[in-house]
Structures are given as structure tokens and as C-alpha cells.
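>
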Amino acid sequence: MSDRFAKTFYLLHENGDRLWPVQMEDQQTRRSSWRVSDNGNTKAAAIEVTDEEVLRDYVINQRYAVRAATRKSGARASLYRPDQRAIRELVDLKK
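Mind the numbering: the sequence shown is residues 0 to 94 in numbering that gives the first Met the number 0, read in order.
As C-alpha cells, then:
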């Protein structure tokens, strides 16, 4: 699995796709980070996170949305919240 993807959890989409939190590269700084948001699908509304444990807290405990994608190139990718209708469950691989 690419280092861009989280390793400890994924969101299971209603169609069976595994949506892994994926790091995005900032076009200005060229730094990669996971992006979480409590309100809005814009870069301005995003919080950039580089530590996977911090990412887990935002998504698993605080229920923030996270940029996530399947591992197949060109497949499903978007901003997903664990509680949204299309997400069947959050799968925690640390349990």
C-alpha cells in the first residue's frame, strides 16, 4: 500500500469499496498531509494532519470528514464522514 494511505482504518462504502484516508499534496508547499474537515469541502475549511494517530482522533472520535479514496487509481475519491449515509462502517484495524 502506498505511504499516502492511512494504514490503521478505512471507511466501508455501501457498495463495498474500501475508502482509505489519503494524503493530498499542497500545490504551493509540496508537503503531503491528510485533510480533515468539520464543516466544508474547501482547502480553507480543512485541517492538515501529518500524524496518523491525530488523524484517527479527528475521524474516529470527533467524527470529522476526511479525504479518502480506493487504492485503485481513478476509482472513487472524495470527502467522507464516518456518519454519512453512504458509509456502512468505519473499520478500525487496530482493534
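Note that the Cβ used here is the ideal one computed from N, Cα and C, for glycine as well.
Quick one: what's got a C-beta closer than 8 angstroms to Thr96's C-beta in the same chain, skipping five residues either side?
Residue numbering for the chain in the displayed model covers 0 to 94; residue 96 lies beyond these limits and cannot be assessed.
> Rounded to a whole number of angstroms, what is the C-alpha to C-alpha distance between Arg86 and Glu13?
The sequence given here has Ile at residue 86, not Arg. One Cα belongs to Ile86, the other to Glu13, and the distance between them is close to 6 angstroms.
> Report all residues from its chain with a CB closer than 6 angstroms to the CB of Arg80; omit the five preceding and five following residues, and keep chain order.
Ala64
> Is it buried or exposed for Leu10, if we count other Cβ within 10 angstroms and need 16 for buried?
buried
> Starting from the C-beta of Thr7, find all residues in its chain whose C-beta is less than 8 angstroms away, skip the five residues before and the five after it, and write them out in chain order.
Glu51, Arg55, Asp91, Leu92 and Lys93
> By the DSSP assignment, the alpha helix (DSSP H) with Leu54 in it spans what residues?
Glu51 to Arg55
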